[in-house]
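Structure first, then comments.
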Amino acid sequence: MAAKTLGVAVIGLGMGRACCKWVRDSKNCKLTAVCDLNEERLAQVAKEFEVAGEKSYDALLARKDVDIAYIMTPSGLHAKQGIQAAQAGKHVVVAKPMDVNVQACDELIAACKKAGVLLAVDFNSRFSDEQQKIHFAVQQGLFGKLILGEGRLKWYRAPSYFEGARAWHGTWKMDGGGSLANQTIHQIDQILWHMGPVEQVVAAQTGIFAHENIETEDLGLALLRFRNGALGSIMGTTSYPKDSPYAGIEIHGTEGGVLTTFDEPKWTFFDDARAARLQRCVPYKTSVENIAAVVNGETDKLVCDGAEGRRANALLTAIYTSAREKRSVDLPAPK
Ligand SMILES: NC(=O)c1ccc[n+]([C@@H]2O[C@H](COP(=O)([O-])OP(=O)(O)OC[C@H]3O[C@@H](n4cnc5c(N)ncnc54)[C@H](O)[C@@H]3O)[C@@H](O)[C@H]2O)c1
């Protein structure tokens, strides 16, 4: 039987414009509509991709040519808009982070389950060759027993990033935090994905060092202990002078490791033959392609479903609690 092609609508056309390109290149997916409150931006992107432009989210969800709602609006809207999409019978993809708190994530997971639709959290870096191969290495035990996992990001965000239409950045209500919640969340997700669940945030500190117009941190640091006994750390800042491409993870175990800060990952193994065994875990390159593969029966698993996406929010919450209350914070064992 021929595979079904799924209609995809992208909602929120900041970074969402780039997502339109990803959808265009995704197997068994077709970009059918875009949505944004900003009429000028909406008209531009609709024209560029030759698709329908809907200012009204309700009108978008009423469209029969939309099977997947790909939500790229400010983070504090993800669960609310995702729930609406699920209730309209659409599969849901939400940008990272899943929302701004764990309760909202739980409500979205429950709504998608109730509606019988798929929910993916768009930690898009999980689909890169680099991250796929790291996960393969972990799954195959190529690093041996995991010892240390570090996530690091040193970027700059100018004051203008937090102003005007983008003033939702750096707020608790819509961004859910600062440099950890918005920028470093990819590294937080990658570390969780590869190292497994965190048992305790041993200590954390956050602060505002280089900005005047934000309410959340521009530098955050956390020390972690994982359930498998390994240790880890997270460091993320948007205070780095001017610009730095420095962002990545570093993981090592008893037999090998990897550092991803550069264009190409740097692998290290006691047994060099292991490097030749590295391969992707799944062929999918985007969240929407992954959803289409599930709908078409090619796989029964999403690379990052709601439960996986929620883990980053839970860790983030524990880090902020640890920093605020100056104490270690235990995380519940995964169900
Ligand atoms: N995966 C990635 O690499 C990546 C990169 C950047 C941003 N993001 C995520 O994407 C989301 C958006 O971030 P951004 O940087 O593009 O923000 P942005 O402010 O640049 O763009 C957001 C867009 O959403 C529109 N919008 C706001 N409310 C809306 C509503 N109710 N209905 C329809 N449109 C609405 C705005 O008009 C704007 O065009 C955030 O959750 C962010 O964390 C992901």
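Just so you know, we're using the working numbering here: the sequence shown kicks off at -10 and counts up by one. Beta carbons are placed, not taken as given, at the ideal position from N, Cα and C, and that holds for glycine. A quick note: this is a predicted structure, and the numbers were derived from the prediction, not measured.
Do the CB positions of residue i and residue j come within less than 9 angstroms of each other?
{"i": "VAL292", "j": "ALA7", "result": "no"}
{"i": "THR275", "j": "ASN113", "result": "yes"}
{"i": "ILE180", "j": "GLY221", "result": "yes"}
{"i": "ALA93", "j": "ALA68", "result": "yes"}
{"i": "LEU213", "j": "GLY138", "result": "yes"}
{"i": "THR249", "j": "LYS143", "result": "no"}
{"i": "LYS16", "j": "ALA282", "result": "yes"}
{"i": "GLY245", "j": "LEU131", "result": "yes"}
{"i": "PRO148", "j": "HIS200", "result": "yes"}
{"i": "ALA301", "j": "MET87", "result": "yes"}
{"i": "GLY185", "j": "LEU135", "result": "yes"}
{"i": "CYS18", "j": "VAL40", "result": "no"}
{"i": "ALA84", "j": "GLY5", "result": "yes"}
{"i": "ILE203", "j": "PHE151", "result": "yes"}
{"i": "LEU169", "j": "TYR273", "result": "no"}
In whole angstroms, what is the alpha-carbon distance linking residue i and residue j?
{"i": "ARG146", "j": "LEU2", "result": "20 angstroms"}
{"i": "THR21", "j": "GLY133", "result": "46 angstroms"}
{"i": "GLN121", "j": "CYS270", "result": "6 angstroms"}
{"i": "GLU206", "j": "ILE238", "result": "20 angstroms"}
{"i": "ASP54", "j": "ALA262", "result": "49 angstroms"}
{"i": "ALA192", "j": "HIS124", "result": "27 angstroms"}
{"i": "ILE240", "j": "LEU304", "result": "18 angstroms"}
{"i": "VAL277", "j": "VAL12", "result": "7 angstroms"}
{"i": "HIS183", "j": "THR243", "result": "15 angstroms"}
{"i": "ILE177", "j": "GLY298", "result": "11 angstroms"}
{"i": "ASP260", "j": "TYR235", "result": "28 angstroms"}
{"i": "LYS231", "j": "ASN171", "result": "18 angstroms"}
{"i": "ARG30", "j": "ASP14", "result": "22 angstroms"}
{"i": "ARG155", "j": "TRP161", "result": "14 angstroms"}
{"i": "ARG52", "j": "ALA32", "result": "18 angstroms"}
{"i": "SER228", "j": "ALA219", "result": "29 angstroms"}
{"i": "ASP289", "j": "SER311", "result": "37 angstroms"}
Taking the alpha carbon of residue i as the reference point, which residue from the options has its own alpha carbon closest?
{"i": "GLN76", "options": "ASP47, MET61 and GLY65", "result": "ASP47"}
{"i": "GLY167", "options": "GLY138, VAL191 and PHE198", "result": "PHE198"}
{"i": "SER233", "options": "ARG141, HIS124 and GLU119", "result": "ARG141"}
{"i": "ILE280", "options": "PHE151, LEU131, ASP178 and PHE116", "result": "PHE116"}
{"i": "GLN129", "options": "ALA264, THR310 and ALA303", "result": "ALA264"}
{"i": "PHE215", "options": "GLU28, PRO321, GLU43 and LEU26", "result": "PRO321"}
{"i": "GLU43", "options": "ASP25, GLU29 and ARG30", "result": "ASP25"}
{"i": "TRP256", "options": "LYS290, VAL127, TYR229 and ALA154", "result": "VAL127"}
{"i": "GLY153", "options": "ASN27, ALA(-9) and ASN217", "result": "ASN27"}
For residue i, which residues in the same chain have their Cβ closer than 7 angstroms to its Cβ, ignoring the five residues on either side in sequence?
{"i": "ILE72", "result": "GLU96, LEU97 and ALA100"}
{"i": "VAL284", "result": "LYS(-7) and LEU(-5)"}
{"i": "CYS9", "result": "VAL(-1), LEU20, VAL23, VAL34 and PHE38"}
{"i": "LYS79", "result": "LEU50, VAL55, ASP56, ILE57, ALA58 and VAL106"}
{"i": "GLU119", "result": "THR249 and PRO254"}
Excluding the 5 residues preceding and the 5 following residue i in the sequence, name in chain order all residues of the same chain whose CB lies nearer than 6 angstroms to its CB.
{"i": "ASP319", "result": "GLN189"}
{"i": "MET224", "result": "ARG141 and LEU210"}
{"i": "PRO323", "result": "PRO186"}
{"i": "VAL247", "result": "ILE123, ILE240, PRO254 and TRP256"}
Among the residues of its own chain, which have a CB less than 8 angstroms from the CB of residue i, if the five just before and after it don't count?
{"i": "MET163", "result": "PRO63, SER64, GLY65, LEU66, VAL89 and TRP157"}
{"i": "VAL81", "result": "ILE57, ALA58, ILE60, GLY71, ALA74, ALA75, LEU97, CYS101, VAL106, LEU107, LEU108 and ALA109"}
By a C-beta neighbour count over all protein chains shown, 10 Å radius and 16 as the cutoff for buried, is residue i buried or exposed?
{"i": "GLY209", "result": "buried"}
{"i": "ARG316", "result": "exposed"}
{"i": "SER45", "result": "exposed"}
{"i": "ARG313", "result": "exposed"}
{"i": "ALA258", "result": "Residue identity check: residue 258 is Phe in the sequence provided, not Ala. PHE258 is buried by the Cβ-count criterion."}
{"i": "THR195", "result": "buried"}
{"i": "GLY295", "result": "buried"}
{"i": "ASN217", "result": "exposed"}
{"i": "ALA(-9)", "result": "exposed"}
{"i": "ASP111", "result": "buried"}
Kindly say whether residue i, judged by its beta-carbon, lies nearer than 9 angstroms to any beta-carbon of chain C.
{"i": "ILE60", "result": "Note that chain C does not occur in the displayed structure, where there is just one protein chain."}
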